[in-house]
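One line per chain: the protein sequences are Z and W, in this order. Each residue of the first sequence is one higher than the one before, counting from 1 in this note's numbering. Each residue of the second sequence is one higher than the one before, counting from 306 in this note's numbering. Ideal Cβ placement from N, Cα and C applies to all residues, glycine included. Only a predicted model underlies this, so the values are computations on that prediction, with no experimental measurement involved.
Protein chains: 2
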Amino acid sequence: MAALVVGHKNPDTDTIVSAIAVADLMSKRGVEAKAVAQGPAVPETLFVLDKFGLSQPEVVSGVAGQKVILVDHSDLAQAPADLKDAEVIAIVDHHKLGDVTTSSPLLMWVWPAGCTGTVIKAMYDFYGIEIPKNIAGGLLCAILSDTVIFKSPTTTEDDKKAVEALAKIAGVSDVQALGMEMFKVKSAVDGVPAKELVFRDYKDFDMNGKKVGIGQLEMIDISMLDKVKGDLAAEIAAVKADGRHSVFLLLTDIMKEGSEMLICSEDAGIVEKAFGVKGDKSVWLPKVMSRKKDVVPKFEAAFKG
Amino acid sequence: MAALVVGHKNPDTDTIVSAIAVADLMSKRGVEAKAVAQGPAVPETLFVLDKFGLSQPEVVSGVAGQKVILVDHSDLAQAPADLKDAEVIAIVDHHKLGDVTTSSPLLMWVWPAGCTGTVIKAMYDFYGIEIPKNIAGGLLCAILSDTVIFKSPTTTEDDKKAVEALAKIAGVSDVQALGMEMFKVKSAVDGVPAKELVFRDYKDFDMNGKKVGIGQLEMIDISMLDKVKGDLAAEIAAVKADGRHSVFLLLTDIMKEGSEMLICSEDAGIVEKAFGVKGDKSVWLPKVMSRKKDVVPKFEAAFKG
Numbered sequence: 001m002a003a004l005v006v007g008h009k010n011p012d013t014d015t016i017v018s019a020i021a022v023a024d025l026m027s028k029r030g031v032e033a034k035a036v037a038q039g040p041a042v043p044e045t046l047f048v049l050d051k052f053g054l055s056q057p058e059v060v061s062g063v064a065g066q067k068v069i070l071v072d073h074s075d076l077a078q079a080p081a082d083l084k085d086a087e088v089i090a091i092v093d094h095h096k097l098g099d100v101t102t103s104s105p106l107l108m109w110v111w112p113a114g115c116t117g118t119v120i121k122a123m124y125d126f127y128g129i130e131i132p133k134n135i136a137g138g139l140l141c142a143i144l145s146d147t148v149i150f151k152s153p154t155t156t157e158d159d160k161k162a163v164e165a166l167a168k169i170a171g172v173s174d175v176q177a178l179g180m181e182m183f184k185v186k187s188a189v190d191g192v193p194a195k196e197l198v199f200r201d202y203k204d205f206d207m208n209g210k211k212v213g214i215g216q217l218e219m220i221d222i223s224m225l226d227k228v229k230g231d232l233a234a235e236i237a238a239v240k241a242d243g244r245h246s247v248f249l250l251l252t253d254i255m256k257e258g259s260e261m262l263i264c265s266e267d268a269g270i271v272e273k274a275f276g277v278k279g280d281k282s283v284w285l286p287k288v289m290s291r292k293k294d295v296v297p298k299f300e301a302a303f304k305g
Numbered sequence: 306m307a308a309l310v311v312g313h314k315n316p317d318t319d320t321i322v323s324a325i326a327v328a329d330l331m332s333k334r335g336v337e338a339k340a341v342a343q344g345p346a347v348p349e350t351l352f353v354l355d356k357f358g359l360s361q362p363e364v365v366s367g368v369a370g371q372k373v374i375l376v377d378h379s380d381l382a383q384a385p386a387d388l389k390d391a392e393v394i395a396i397v398d399h400h401k402l403g404d405v406t407t408s409s410p411l412l413m414w415v416w417p418a419g420c421t422g423t424v425i426k427a428m429y430d431f432y433g434i435e436i437p438k439n440i441a442g443g444l445l446c447a448i449l450s451d452t453v454i455f456k457s458p459t460t461t462e463d464d465k466k467a468v469e470a471l472a473k474i475a476g477v478s479d480v481q482a483l484g485m486e487m488f489k490v491k492s493a494v495d496g497v498p499a500k501e502l503v504f505r506d507y508k509d510f511d512m513n514g515k516k517v518g519i520g521q522l523e524m525i526d527i528s529m530l531d532k533v534k535g536d537l538a539a540e541i542a543a544v545k546a547d548g549r550h551s552v553f554l555l556l557t558d559i560m561k562e563g564s565e566m567l568i569c570s571e572d573a574g575i576v577e578k579a580f581g582v583k584g585d586k587s588v589w590l591p592k593v594m595s596r597k598k599d600v601v602p603k604f605e606a607a608f609k610g
């Protein structure tokens, strides 16, 4: 039975492409593996899959009784709910180490890089396996997406080197143009329900025992969101009401290089405590581009003490 | 300030040598690092350090406020007690994934291999850094120790390949003879207090909420333990009385390829449930060589249901 390669909930481009690439790589190493996902691909990812001729992974609701390879996460909150009844045989990731544990030794490739795609590029090289052209294109886009075309503070030299090498394999001559084309697709919000926007790239965290949700929308220009901002605020209030202490939504402006954060929390002072900026319903946070690097650690510290 | 590279409690040869090697490797990659240990080296390890001219790492009682690289474990129970007040920047290991978590992305090299030393050999190769001759000798012995000269079921092809390459670098022509010499040192128990023998290679586990201790002595011939067996039984009873549900001591016979297990548990049926062999104070378990592979998973399953 093929091992299932699965990324996190609310899959983004990195999670979907990483599942496809790791399934390819592991199968070629003799470990039969199949890419799956915990949800459908978002428009940005569909653009990438279509551009490079990759198939959308099958959406699965559970993994019980299966061998599983986790990509792009190591937190139980972001893994399939029945992961405890599966056997995790490998993890490929670029986040902080989460609370997944195993009962047997496993393979882990985890780097403090901007994208899981960068780690996977290194794995192909390490195991001496050629990267298929279409997968190289997908990994390239995953890195451009996660690093916001190298503008995110999570970007590392490894990410840049991987993009350079992957662009050659995929036959992409203008990486910047490809990145902008992808982010334009991501920025198209006309007619998209507010709920879908909030959950497009949304993660729940356990912060000192409190359930905290943080969503993020990365836009070429966040003024495109002006007319739906009221709906987004109402939507995060509904998400918070569903058993959460706080829900935050980052509206990240790629060109202005900062984020407006919509706030809905039981603790009126938590954002000021975390960022030193006062705000009731929303604040502008200059230079804040990365949920992982700029936002989560600050909230974690603020919730701790 | 140098990052501290630290292995598990009750350090064995793999944990000590891995700390030394990873400190060397990371320092050469530009991350200043220093090998430390949670306890003094055991006789086997002292033999290895002396044979290859390596220094015993400084014993530290805490790591609070420091950057830390964990080697050979990822369980809080086996890490320094104040690890929560330190920043884990990397983990190099070959065990099941434990409950250490981090608040920032990190580097992880974790393989399902027989020894952390095998993973470190691959790291040197991957980063293009030459392995110093003395460290190659230490890593070689770590692998021979952890795999019981390839007799343990945890042994992988990667371990064998690493030993072959490391032996060349270290100038060791007869790997088997070196292994036997090392295990003879390990088997010398005359005049050693029973308590020291129990804790020589001892680990506590959380099994379904119960604290379970498992020690292991690997001997060329376990009949050498006949005259101290009563003392060992008394000692594990004392360890159990100190807040544990069960304590087991494996007396592993390298030549006979099996283990006698001394038993002290609140659940008289747990050993039969785990291994299908009845025994009150002790049982003989043929082919059981590895605590990690042959023993821990079976107890975990037995304690679960």
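| Check | Outcome |
| --- | --- |
| My parser needs the beta strand (DSSP E) runs of 3 or more residues fully inside the region 221-291 of chain Z; what are they? | 246-253, 258-265, 282-286 |
| Quick one: any contact between the region 314-332 of chain W and the region 433-440 of chain W, if contact means 3 or more CB pairs under 8 Å? | yes |
| What is the rounded straight-line gap between the Cα of D526 of chain W and the Cα of S564 of chain W? | 11 Å |
| Under 8 Å: do the region 376-384 of chain W and the region 497-514 of chain W share three or more Cβ pairs, one atom per stretch? | yes |
| My output table needs one value for M123 of chain Z: the three-state DSSP class, helix, strand or coil. | helix |
| How about L530 of chain W and V494 of chain W: do their beta carbons lie closer than 8 Å? | yes |
| Give, in chain order, every residue of the region 289-303 of chain Z whose Cβ lies closer than 9 Å to some Cβ of chain W. | K292, K293, V296, P297, E300, A301 |
| If contact is defined by three or more beta carbon pairs under 8 Å, each pair taking one atom from either stretch, is the region 239-253 of chain Z in contact with the region 262-279 of chain Z? | yes |
| Have a look at N376 of chain W and A35 of chain Z and give me their C-alpha separation to the nearest angstrom. | Looking at the sequence shown, residue 376 of chain W is not Asn but Val. Distance between the alpha carbons of V376 of chain W and A35 of chain Z: 31 Å. |
| CB-CB under 6 Å to A542 of chain W, same chain, minus the five flanking residues each way: which ones, in chain order? | C569 |
| From what residue to what residue does the alpha helix (DSSP H) around I474 of chain W run? | 462-475 |
| Taking 8 Å as the limit between beta carbons, can you name the residues of its chain near N439 of chain W, skipping five residues before and five after? | F357, G358, L359, A475 |
| So who's on the other strand from M108 of chain Z, going by DSSP bridges? | Z:I91, W:V415 |
| Measure the alpha-carbon distance for V310 of chain W versus V347 of chain W and round it to whole angstroms. | 18 Å |
| Would V601 of chain W and L554 of chain W be called neighbours here (beta carbons separated by less than 8 Å)? | no |
| Using the DSSP secondary-structure output, state which residues sit across from Q521 of chain W in a beta bridge. | W:L555 |
| In or out: M1 of chain Z buried (at least 16 other Cβ within 10 Å) or exposed? | exposed |
| Starting from F205 of chain Z, trace the beta strand (DSSP E) in both directions and tell me its first and last residue. | 202-207 |
| Compare the Cα-Cα distances from H400 of chain W to each of Z:H94, Z:D93, Z:I89, Z:G98 and report the closest residue. | Z:I89 |
| Note the first and the last residue of the continuous alpha helix (DSSP H) segment covering V5 of chain Z. | No alpha helix (DSSP H) holds V5 of chain Z; the beta strand (DSSP E) holding it covers 3-6. |
| Going by the beta-carbon positions, is the gap between L556 of chain W and L590 of chain W smaller than 8 Å? | no |
| I'd like to know whether the C-beta atoms of G443 of chain W and I559 of chain W end up nearer to each other than 8 Å. | no |
| In chain Z, which residues lie with their C-beta within 9 Å of the C-beta of K261 of chain W? | Beyond the ends of chain W as shown, which are 306 and 610, falls residue 261 of chain W; an answer cannot be given. |
| Is the Cβ of F431 of chain W closer than 8 Å to any Cβ of chain Z? | yes |
| Quick check: S450 of chain W and D536 of chain W, are their CB atoms within less than 8 Å of each other? | no |
| Buried or exposed: which applies to R291 of chain Z, given that a residue is buried once 16 or more other Cβ atoms fall within 10 Å of its Cβ? | buried |
| Note down the Cα distance separating I448 of chain W from V424 of chain W, rounded to an integer number of angstroms. | 10 Å |
| Note down, in chain order, every chain Z residue with its Cβ under 9 Å from the Cβ of W416 of chain W. | P105, L106, L107, M108 |
| Our contact map puts L354 of chain W next to V368 of chain W with C-beta atoms below 8 Å; I'd like the distance itself, whole angstroms only. | With 8 Å as the limit, L354 of chain W and V368 of chain W do not qualify as a contact, their Cβ atoms being about 22 Å apart. |
| So for V346 of chain Z, helix, strand or coil by DSSP? | Limits of chain Z in this structure are 1 at one end and 305 at the other, which puts residue 346 of chain Z out of reach. |
| Which residue from W:G514, W:S492, W:V588 puts its Cα closest to that of G610 of chain W? | W:G514 |
| If distances are taken between C-alpha atoms only, which option among W:P345, W:E349, W:M428, W:E337 comes closest to V490 of chain W? | W:E349 |
| Between the C-alpha atoms of A546 of chain W and F604 of chain W, what's the straight-line distance to the nearest angstrom? | 20 Å |
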